[in-house]
Amino acid sequence: MRIGNLLGVIELAGIPESASLAREYVRDKLGDGHPALDDVTLLVSEVVTNAVVHSDSRNGGTVTLAIADRHDLVHVDVVDAGGDTVPHVRGDPCAEGGRGMMLVERLSHRWDVHEDAAGRTVWFQVRYTRTHE
Numbered sequence: 004m005r006i007g008n009l010l011g012v013i014e015l016a017g018i019p020e021s022a023s024l025a026r027e028y029v030r031d032k033l034g035d036g037h038p039a040l041d042d043v044t045l046l047v048s049e050v051v052t053n054a055v056v057h058s059d060s061r062n063g064g065t066v067t068l069a070i071a072d073r074h075d076l077v078h079v080d081v082v083d084a085g086g087d088t089v090p091h092v093r094g095d096p097c098a099e100g101g102r103g104m105m106l107v108e109r110l111s112h113r114w115d116v117h118e119d120a121a122g123r124t125v126w127f128q129v130r131y132t133r134t135h136e
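Our numbering puts the first residue of the sequence shown at 4, with every later residue one more than the last.
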């Protein structure tokens with residue numbers, strides 16, 4: 004088991020504007036010099052946007068974002084109220100929408116979706132190598 008640091012948990016309103024708040028939160032928690040900052044910020048933006056647009060959280064609910072740094076990877080959980088469809092990678096990269104999960108697939112080390120009676124969690128991990136100065 005890897006041991007790391009829980010950097011923080013934030014609860015966001017289920018509205019589109021929460022994606023920008025989530026990006027700010029990631030930048031604040033990881034810091035400007037973190038080697039995974041750009042990838043994690045992009046993927047958080049995509050997953051939170053999916054949650055507030057496609058899940059039942061959009062109906063006055065919330066989305067919870069948790070970030071942990073585990074020394075060689077960043078682990079992120081995005082928890083929403085669930086919904087009729089499960090986030091998945093679409094096969095058409097030229098489609099008008101649906102590229103968010105394709106980015107998650109390509110940029111993350113691992114990712115998955117967990118659903119239960121309490122809602123849905125989309126999680127991903129981004130590997131990095133810390134440079135020592």
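Virtual Cβ for every residue (Gly too), placed ideally from N, Cα, C.
In whole angstroms, give me the CA-to-CA distance for residue i and residue j.
i, j, result
"Thr124", "Ala54", "10 Å"
"Val60", "Lys32", "It should be pointed out that residue 60 corresponds to Ser in this sequence rather than to Val. Going from the Cα of Ser60 to the Cα of Lys32 covers about 24 Å."
"Arg30", "Asp87", "31 Å"
"Leu106", "Asp119", "25 Å"
"Phe127", "Tyr28", "17 Å"
"Gly34", "Glu20", "22 Å"
"Gly36", "Arg73", "16 Å"
"Arg133", "Leu45", "19 Å"
"Trp114", "Val56", "20 Å"
Thinking C-alpha only, which one of the options is nearest residue i?
i, options, result
"Gly11", "His112, Val50, Ile70", "Ile70"
Quick one, are the C-beta atoms of residue i and residue j less than 7 Å apart?
i, j, result
"Ala66", "Leu15", "The question names Ala, but residue 66 in the sequence shown is Val. Result yes, Cβ atoms of Val66 and Leu15 sit closer than 7 Å."
"Leu77", "Ala39", "Inspection of the sequence shows that residue 77 is occupied by Val rather than by Leu. Their beta carbons are under 7 Å apart, which means Val77 touches Ala39 by this criterion."
"Val79", "Gly122", "no"
"Asp75", "Val129", "no"
"Ala22", "Ser58", "no"
Between which residues of its own chain and residue i is the CB-CB distance below 6 Å, once the five residues before and five after are set aside?
i, result
"Gly64", "Gly17, Ala84"
"Asn8", "Asp72"
"Ile13", "Tyr28, Leu68"
Please list, in chain order, all residues of the same chain as residue i whose beta carbon is under 7 Å from its beta carbon, the five residues on each side excluded.
i, result
"Pro90", "Asn53, Met104, Val116, Val125"
For residue i, which residues in the same chain have their Cβ closer than 8 Å to its Cβ, ignoring the five residues on either side in sequence?
i, result
"Leu110", "Asp42, Leu45, Leu46, Val129"
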